[in-house]
Amino acid sequence: PAGTIKSDQGEFLVRTVGEILEARQLEDVIVRSDPDGNLLTLSQVARIRDVFEEPVTFGRFNGQPAMNLAISKEKKGDAIAISKAVRNLVAEHEKRRPPGVQLDVFYVCSVYITNRLNTLIRNGVAGFALVLIILGVFFNVRVSAMTALGIPVSFAGALILMQAFDISLNMMSMFSLILVLGIIVDDAIVVSENAYRYMESGMSPEDAAVKGTNQVMAPVVATILTTIAAFIPMLLISGTMGKFLSVLPKVVTFALLASLVEALVILPSHLADWSPRRVRDLSTNRSKQWLNRIKKVYTRFLRLCLKWKYVSLMASFGITALIITFAATRIPFVLFHEFESTQFFINVETPVTSKLEDTRDVVARIEKLIIENLPPSELESLATNVGLIFLDVNRIVRGSNGGQIIVELTEAHKRERSSNEIIKALRKMTERVPGATKIQYLT
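Numbers given in the working numbering equal positions in the sequence shown, counted from 1, plus 1.
This is the structure we're talking about:
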């Protein structure tokens, strides 16, 4: 602050902006002056030294002292791209690091997003191939290809609507797309099958596409709307959980609406333009005679069931009862399958009067137990923060008597034990660590 300036427009505060880079620059800072021009500097009334700040936290990595840097993205950030950029930066600095210093990356959340994205891509490709192959057995190859295209077209429409409603491609939205993957092509199959039936009877592709689509339009629309109605009630869930789960019905609805537009507008146009002008009836196609034989066998079986309808009805009930009994006694029921995590937290607390160094020693003992008892095939990395405990992204508990160990395990297929078995074994080993008042395991 340098005083004030009074003028007709008002009173203005005056200040100078300074930046101190070295301790010796503080020596010349003026503390006081008098009208004669005498100055009193900070070096005349104080002893200035350049020292380190008292530590309030300690970082450790794989049992060694470290500086742990946590990187979080903005709402619009791409987790996969940011993770790749961080890895590239670490690899670049690793080449010119000083002796005795090591750089590494741990707890990369984008791995889960990448795995979910790969699952979505694999399921989408597998679904497209199955639709193409199975329909190719009964339909023309062109008609099968145009029907199978309903999967990528519906996904493209869903992504456009997600962008319009500010929904990113995250774990929940990708789960929703995987969930709806087996449904979005059903309406396209119904439309193309009905149109193909008219093509087999000798109708032109244009007339067959129009008549076939109009004939099944009402049931197709009703099917899509009833499916959407099954997910819409999830939007009524309130609170944080409701906000989190609201993505699922929205994405499912977007995908189903996109598939409806594709089946009733895009697909008929493609069938009319790209279908062959002449389609052979399956009953006259020698290469498909096996289908007629299957029809004959099924017809005889159906007539027999109708002739002995009461016996058939009792047999159906008996088979159903046997299946239910077998399922109830032999197949285990799991409402939510246990998630096999590759990472868990160990929160450690020491007496309230403990110094930061005391808590560090206690945490180091637990680290040693983990490193000694987990083989390299199970332990990927071990990061520790002493002086703070991360509760979640927005909440941190600070204090000299608290510490947190982040244990990252290898992928599930690389180790013999599950994460729960590892946690159970470590819990027994660490339950009586000297100096610790509380040890909590969180997954």
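All residues carry an ideal CB built from backbone N, CA and C; glycine is no exception.
Looking at residue j and residue i, is the spacing between their C-beta atoms short of 8 Å?
i: Leu375; j: Ile423; result: yes
i: Thr214; j: Pro269; result: yes
i: Glu341; j: Tyr108; result: no
i: Asp274; j: Val221; result: no
i: Leu163; j: Ile114; result: Residue identity differs from the one stated: residue 163 is Met in this sequence, not Leu. No, the Cβ-Cβ distance between Met163 and Ile114 is not below 8 Å.
i: Thr326; j: Ala437; result: no
i: Met175; j: Leu118; result: yes
i: Ile406; j: Ile367; result: yes
i: Val15; j: Val32; result: no
i: Ser378; j: Thr411; result: yes
i: Ser111; j: Ile81; result: yes
i: Ser247; j: Leu236; result: yes
How far does the alpha helix (DSSP H) with residue i in it reach, from first residue to last?
i: Ser84; result: 80-95
i: Tyr113; result: 111-139
i: Ser205; result: Premise fails: Ser205 is in no alpha helix (DSSP H) and is neither H nor E.
Out of the options, which one is the CA nearest neighbour of residue i?
i: Phe13; options: Gly125, Phe346, Leu257, Pro2; result: Pro2
i: Tyr442; options: Ile332, Gln290, Arg428, Phe255; result: Arg428
i: His94; options: Leu104, Pro153, Val126; result: Leu104
i: Leu292; options: Pro435, Ala159, Gly183, Val138; result: Val138
i: Lys439; options: Ser317, Val349, Ile72; result: Val349
i: Phe345; options: Thr444, Arg396, Asn421; result: Thr444
i: Leu357; options: Leu90, Leu383, Gly388, Ile295; result: Gly388
i: Thr191; options: Leu180, Thr354, Ala210; result: Strictly speaking, residue 191 in this sequence is Val, with Thr absent from that position. With distances taken between Cα atoms, Val191 lies closest to Ala210.
i: Val144; options: Ser155, Ser8, Ala196; result: Ala196
i: Val1; options: Leu160, Leu182, Ser420, Asn89; result: Residue 1 is absent from the model: the chain starts at 2 and stops at 444.
i: Val106; options: Asn124, Asn69, Leu136; result: Asn69
i: Phe140; options: Thr354, Leu272, Ala219; result: Leu272
i: Lys369; options: Gln26, Asp167, Asp9, Gln65; result: Gln65
i: Arg61; options: Leu383, Pro435, Phe391; result: Leu383
i: Arg123; options: Gly11, Leu178, Lys297, Val142; result: Leu178
Could you give the first and the last residue of the continuous beta strand (DSSP E) run that contains residue i?
i: Leu410; result: 397-410
i: Lys7; result: 5-8
i: Tyr442; result: 439-443
i: Leu40; result: 40-42
i: Gln290; result: Careful: Gln290 lies outside any beta strand (DSSP E), inside the alpha helix (DSSP H) at 290-308.
i: Val387; result: 380-391
Just the Cα atoms here: how many angstroms apart are residue i and residue j?
i: Gly158; j: Val280; result: 31 Å
i: Asn63; j: Phe334; result: 40 Å
i: Leu150; j: Glu373; result: 54 Å
i: Glu263; j: Ile225; result: 12 Å
i: Glu194; j: Met200; result: 10 Å
i: Phe156; j: Phe53; result: 56 Å
i: Thr5; j: Ile21; result: 24 Å
i: Glu417; j: Thr385; result: 25 Å
i: Lys415; j: Ser169; result: 32 Å
i: Ala86; j: Phe245; result: 28 Å
i: Phe59; j: Asp362; result: 11 Å
i: Phe166; j: Thr300; result: 51 Å
i: Thr42; j: Ile49; result: 12 Å
i: Lys425; j: Pro153; result: 45 Å
i: Lys212; j: Gly128; result: 28 Å
* Asked: At a cut of 8 Å, does the segment 252-260 reach the segment 226-239 through at least three beta carbon pairs?
  -> yes
* To do: Would you be able to state if there are at least three C-beta pairs under 8 Å between the segment 399-417 and the segment 95-102?
  => In this structure the segment 95-102 does not touch the segment 399-417; the number of beta carbon pairs closer than 8 Å is below three.
* If we count Cβ pairs, one from each stretch, closer than 8 Å, do we get three or more for the segment 123-134 versus the segment 172-189? -> yes
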